[in-house]
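In this note's numbering, the protein residues as written are -10 to 257.
Note that CB positions come from ideal geometry on N, CA and C, so glycine has one too.
What you are looking at is a predicted structure, and each value in this text was computed from that prediction instead of being measured.
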Amino acid sequence: MSQLDPGEGTVEGTGEAAVEDTGEGVVEATGQKRQFVKPVILLAIALSGFLAYSFTPLGNYLQPVVMEGFFESIEGFWWAPLVFIGVYVLLTVLGVPMVILTFFAGFTFGALEGALYVMIGANIGANLAFDLARYLGRDFVSRYIKGPIDRIDRRLRKKGFLRMLQLRLIPVIPFNVLNFAAGLSGLRKLHFALATMIGITPGTFIYAYTAASLMQVYLAGAALDEVTRAALRTSALTNLAIALALLITISMAPAIYRKLRGKPIQAG
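Shown next, in the form of structure tokens:
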């Protein structure tokens, strides 16, 4: 009896250990598979958007001339701003460049109203894109993508609001790329939302103001009276020059701020 006890204990212990090891292995393998599910979904969404734009009528609808005609055709309806905001949100989430649509807002609704509608659509779309990237891709990035991503991640964690605000004030940085990149980083959602709301305000109003000024130039050329035409052209060109000067100033704001603080300007 005493000879069987060690054997029984060994068999029993080995069996429990094997079951435990096997269970942990299954859980670990399942967890690793789940790590790749969200990035695959994100990639599938991006690929679907690209294919839809390239091989369906959607690409034609998003052409500048077609969109301009569409928004001009609905300009007089009360629901036109709602349609514009909805389109802006959708295209922002899909990652479509939005500068042209911002100009359309200035053309169609005027500088102030157009900028307001763009602000609403851009903020909603940016936050949705941020959430989409964070939910589908953040775990994958933090686990498998290192190097420069870690450096950006640390900077956004340390001074997230100020860093994002600086990036938002630079017009050459693609709006949609920054939405998804911020979602993949460790930046707090509140910091992203506030920095986006504040940071895109100057550029949005300037783009809409520029578009409205260009519309004034067009209307000046269509005026019947030569005196009226000259007056409108002068006013429109003055407004356009002001808009461009403001745009250049805003783009240089981060560099000016660092210069005033006495710190060297660092790339990235």
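Fill in: Residue environment, ALA219, which counts as buried when at least 16 other CB atoms sit within 10 Å
exposed
Discussion item. Rounded to whole angstroms, what is the Cα-Cα separation between PHE66 and LEU151?
Written reply: 40 Å
Discussion item. Is it the case that the stretch 189 to 197 contacts the stretch 107 to 122, given that we only count it when at least three CB pairs across the two stretches are under 8 Å?
Written reply: yes
Discussion item. Using only the alpha-carbon positions, how far apart do VAL16 and GLY75 sit?
Written reply: Confidence at VAL16 is low in this model, with a pLDDT of 48, below 50, so the placement of that residue is unreliable and no value is reported for it.
Worksheet item: With respect to the alpha helix (DSSP H) encompassing PHE96, which residues constitute its N-terminal and C-terminal limits?
Response: 88 to 98
Discussion item. Determine whether the beta carbon atoms of PHE96 and ALA200 lie at a separation below 8 Å.
Written reply: yes
Discussion item. Rounding to the nearest angstrom, what Cα-Cα distance links ILE195 and MET87 in this structure?
Written reply: 14 Å
Worksheet item: Where are the alpha helix (DSSP H) runs, 4 residues long or more, that stay fully inside the stretch 162 to 216, in chain order?
Response: 164 to 173, 178 to 211
Item to complete: Determine the burial state of SER202: buried for a count of at least 16 other Cβ atoms within 10 Å of its Cβ, exposed for fewer.
Response: buried
Item to complete: Quick one: residues in its chain with C-beta nearer than 6 Å to the C-beta of LEU236, no 5 flanking neighbours on either side, listed in chain order?
Response: ILE195
Fill in: Spatial distance of MET241 from THR91 (CA atoms)
21 Å
Item to complete: Could you have a look at PRO70 and say whether DSSP puts it in helix, strand or coil?
Response: helix
Worksheet item: Which value, in whole angstroms, describes the spacing of the CA atoms of LYS248 and ARG123?
Response: 34 Å
Item to complete: Take VAL82 as the anchor and find which of LEU101, LEU117, PRO163, ALA104 has the nearest alpha-carbon.
Response: LEU117
Worksheet entry | Beta-carbon separation (whole angstroms), ASP142 vs GLY99, contact threshold 8 Å | With 8 Å as the limit, ASP142 and GLY99 do not qualify as a contact, their Cβ atoms being about 41 Å apart.
Discussion item. TYR77 and GLY114 - do their beta-carbons sit closer together than 8 Å?
Written reply: yes
Worksheet entry | Beta-carbon proximity check, ALA197 vs ALA69, cutoff 8 Å | no
Discussion item. By the DSSP assignment, the alpha helix (DSSP H) with LEU154 in it spans what residues?
Written reply: 149 to 157
Worksheet item: Going by alpha carbons, who is nearest to ASN112 out of THR223, ASN168, LEU158, ALA232?
Response: ASN168
Worksheet entry | Local Cβ density within 10 Å of ALA234, reported as buried at 16 or more and exposed below that | exposed
Fill in: Rounded straight-line distance, which links the Cα of SER62 to that of VAL166
31 Å
Discussion item. Using a 10 Å radius around the Cβ and a threshold of 16 neighbouring Cβ atoms, would you call PHE73 buried or exposed?
Written reply: buried
Worksheet entry | Residues near LEU79 by beta carbon distance below 8 Å, same chain, minus five either side | GLY114
Discussion item. Classify PHE44: buried if its beta carbon has 16 or more other beta carbons within 10 angstroms, exposed otherwise.
Written reply: exposed
Fill in: Own chain, CB closer than 8 Å to THR193, minus 5 neighbours either side, in chain order
THR91, ALA104, VAL107, MET108, ALA111
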